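To start, the structure itself, in structure tokens.
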Amino acid sequence: MTNSSDGRRPWTEDVPEGRLINRGHPAGDLLEAYDWTVLHRGVGELLVECHLPDSCLNPKGQLFGGFTGAYVDLVALYTSRSDTDPPTGFQSTVNMRVDYFEPISVGVFNIEGRVLHRRGKNRLISVQFRQHETTAVYGLVTMRDTAEVKSAGLA
Numbered sequence: 016m017t018n019s020s021d022g023r024r025p026w027t028e029d030v031p032e033g034r035l036i037n038r039g040h041p042a043g044d045l046l047e048a049y050d051w052t053v054l055h056r057g058v059g060e061l062l063v064e065c066h067l068p069d070s071c072l073n074p075k076g077q078l079f080g081g082f083t084g085a086y087v088d089l090v091a092l093y094t095s096r097s098d099t100d101p102p103t104g105f106q107s108t109v110n111m112r113v114d115y116f117e118p119i120s121v122g123v124f125n126i127e128g129r130v131l132h133r134r135g136k137n138r139l140i141s142v143q144f145r146q147h148e149t150t151a152v153y154g155l156v157t158m159r160d161t162a163e164v165k166s167a168g169l170a
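Every position in the sequence shown, counted from 1, becomes a number in our numbering once 15 is added.
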């Protein structure tokens, strides 16, 4: 894992075509996001094919519920970055809701992110997990661009 305290983001440098990120992102490495395949990337839209690492399994061989939020957050982040007038600064998740309908089990599944609404520095993003054409998880995320705006006033 790479420390980004120096401001660098090595997981975003020279990412191969069809991939979302490189190694080095703390959450991305846990989820093995460097192996995900980008199936579609459009304005405010992202569709990725993922696999389920053994480290994220519960004792029944399913996605441990606590890791689901990490998938939702990462896909929402990169969906937001694909939007019109993408955020320029660090994005913070200010709200996340996750509904579980079916377990995600070992194998391949797809996650689709879509920007539903934008206002000011905020974006509302839906994140839907599908396995075997079935919606297994649905998330809603509100993200805020926290880039500092330079004041024109007196310092």
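Glycine included, C-beta positions come from ideal geometry on N, C-alpha and C.
All values reported here derive from a predicted model rather than from experimental measurement.
Annotation note: the stretch 22-85 contains the following uninterrupted alpha helix (DSSP H) runs of length 4 or greater, listed N- to C-terminal: 41-46. Look at Ser-97 here: in three-state DSSP terms it is coil, with no helix or strand label. Pro-41 and Trp-26 have their C-alpha atoms spaced approximately 10 Å apart. Between the alpha carbons of Val-113 and Pro-31 lies a distance of about 30 Å. Secondary-structure assignment with DSSP links Thr-150 through a beta bridge to Arg-145. The beta carbon of Leu-61 is closer than 6 Å to those of Tyr-93, Thr-94, Ser-97 and Gly-128 in its chain, skipping five residues each way along the sequence. When only Cα atoms are considered, Leu-45 and Tyr-115 end up about 21 Å apart.
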